[in-house]
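In my numbering, the protein residues as written are 933 to 1235.
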Amino acid sequence: MPPIDWHVLGPGAIGSLFAWYLADAGLQVRLLTRHAGESARLITLEHQGHLDKGHHDTRAFHVDHHDTPIQRLLVTVKAHQTETALHAIAHRITADTLILFLQNGMGAWQVAERLFPDSPCILGTTTEGAWRAADHHIVHAGRGETWIGSLQSRWQPQAVSVVRQWQHTLFHPHHDDNILARLWRKLAINCAINPLTVLYDCRNGELLDKPTALVQMKAICAEVEEVMAAVLGVPASMPLLELACDVARKTGANQSSMLQDYRRGQPTEIDFITGYLVQEARRLGLDVPENAAVLSAVRQMTQ
Ligand SMILES: NC(=O)c1ccc[n+]([C@@H]2O[C@H](COP(=O)([O-])OP(=O)(O)OC[C@H]3O[C@@H](n4cnc5c(N)ncnc54)[C@H](OP(=O)(O)O)[C@@H]3O)[C@@H](O)[C@H]2O)c1
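Below is the structure:
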């Protein structure tokens, strides 16, 4: 049997999408799920946002519950699910296991840094869009860009090697030697839009029609810009408010992932988005009252 290239931890919307296209490019992929009795999974992928719109494909995947070491691990559980998910497979992670986090928000990878300090840990961010229409039925809703890099220079070669390996996949990812700045830019947009969509229970674009939401967005953006400039050491190249309004307009009909989780009554990633921002602000001695208020309001609504 050829060696397994990737184990995907958390094959939900984005994990299944990546598993699907890595396998499509000829890579050996195994799924890691939280369902003990599951040995195989059929994943149906529906193309919605690009060329063969409406087309369905189904592919079979092995679910791996063995105890053998894992070579490359793609982590696609939600940020708040990371700790439990990694603990369950900790005995399979060695100093040679490459761990790639592909999640929104910040801070979940610190679990891996704490549990497996010797394993190479790299980070990715993607604007590919996917959602679950039903169990194991994934809709690829929109094409996007994928960027991969490492926070530590010693693991930059591993990030480059993944980018090279994935050149044959649909994603054609790019390497970013300053992945932290890229993740912060995504975090900043998420801080400006996602919590407000929960507080106003509305789609992204509807925020732009609500004067009070816009006032809040302006205050959130000013605080985020200050924290981001302190963390990255450079001011933002474009006003965040302008960028956030542009994203809200372009994704106007979308429900943010935080709003989807809230409407389904599931935990949200607020602690890894606004929560992370507030935590970093405190560490740096900066005051972020609007973000702190939004964090506490969303926590109250989603507990
Ligand atoms: N969806 C997108 O378009 C998109 C785009 C960019 C980034 N992201 C980010 O990608 C991450 C995943 O989002 P998603 O939309 O793919 O969420 P999702 O559909 O909820 O997928 C998460 C998956 O993790 C599984 N899981 C949870 N705990 C687990 C455990 N202990 N062991 C193994 N599997 C476990 C869940 O299993 P069950 O099926 O049993 O619940 C689910 O299949 C998030 O950080 C999100 O912000 C998503």
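By construction, the Cβ of each residue, glycine as well, lies at the ideal position given by its N, Cα and C atoms.
{"Asked": "Taking just the CA atoms, how far does residue 1143 sit from residue 1018?", "Found": "43 Å"}
{"Asked": "For residue 1157, which residues from the same chain have a beta carbon less than 7 Å from its beta carbon, with the 5 sequence-adjacent residues on both sides left out?", "Found": "1168, 1172"}
{"Asked": "Just checking residue 1005 against ligand 1 - is the residue's beta carbon closer than 7 Å to any of the ligand's heavy atoms?", "Found": "no"}
{"Asked": "From the DSSP output, read off the bridge partner residues of residue 936.", "Found": "DSSP output for residue 936 lists no bridge partner at all."}
{"Asked": "Given 7 Å as the limit, tell me if residue 971 has its C-beta closer than that to any heavy atom belonging to ligand 1.", "Found": "no"}
{"Asked": "Would you check if the distance between the CB atom of residue 1127 and the CB atom of residue 1206 is smaller than 8 Å?", "Found": "yes"}
{"Asked": "Please work out which residues of its chain come closer than 6 Å, Cβ to Cβ, to residue 1033, disregarding the five sequence neighbours upstream and downstream, and give them in chain order.", "Found": "1007, 1041, 1055"}
{"Asked": "Considering just the uninterrupted stretch of the alpha helix (DSSP H) at residue 1178, what are its terminal residues?", "Found": "1172-1182"}
{"Asked": "Tell me whether residue 1077 sits in a helix, a strand or coil according to DSSP, three-state version.", "Found": "coil"}
{"Asked": "What's the call for residue 1014, buried or exposed, on a 16-neighbour Cβ count within 10 Å?", "Found": "buried"}
{"Asked": "If I'm right that residue 975 touches residue 952 with Cβ under 8 Å, what's the distance once you round it to whole angstroms?", "Found": "6 Å"}
{"Asked": "Of all the options 946, 1219, 1208, which has the alpha carbon lying nearest to the alpha carbon of residue 1245?", "Found": "The first residue shown for the chain is 933 and the last is 1235, placing residue 1245 beyond what the model contains."}
{"Asked": "If you follow the beta strand (DSSP E) that residue 1206 is in, where does it begin and where does it stop?", "Found": "That residue, residue 1206, is in no beta strand (DSSP E); its alpha helix (DSSP H) goes 1206-1216."}
{"Asked": "Identify the continuous alpha helix (DSSP H) that holds residue 1153 and give its terminal residues.", "Found": "1143-1164"}
{"Asked": "Which value, in whole angstroms, describes the spacing of the CA atoms of residue 1148 and residue 1053?", "Found": "36 Å"}
{"Asked": "When you compare the stretch 1105-1115 with the stretch 1128-1136, are there three or more beta-carbon pairs, one atom per stretch, that lie closer than 8 Å?", "Found": "no"}
{"Asked": "Tell me whether residue 1166 is buried or exposed, calling it buried when 16 or more other Cβ atoms sit within 10 Å of its Cβ.", "Found": "exposed"}
{"Asked": "In whole angstroms, what separates the C-alpha of residue 1081 from that of residue 1162?", "Found": "21 Å"}
{"Asked": "Taking Cβ positions, are residue 1125 and residue 1146 nearer each other than 8 Å?", "Found": "no"}
{"Asked": "On the DSSP bridge assignment, give the partners of residue 1130 in chain order.", "Found": "Beta-bridge pairing links residue 1130 to no other residue."}
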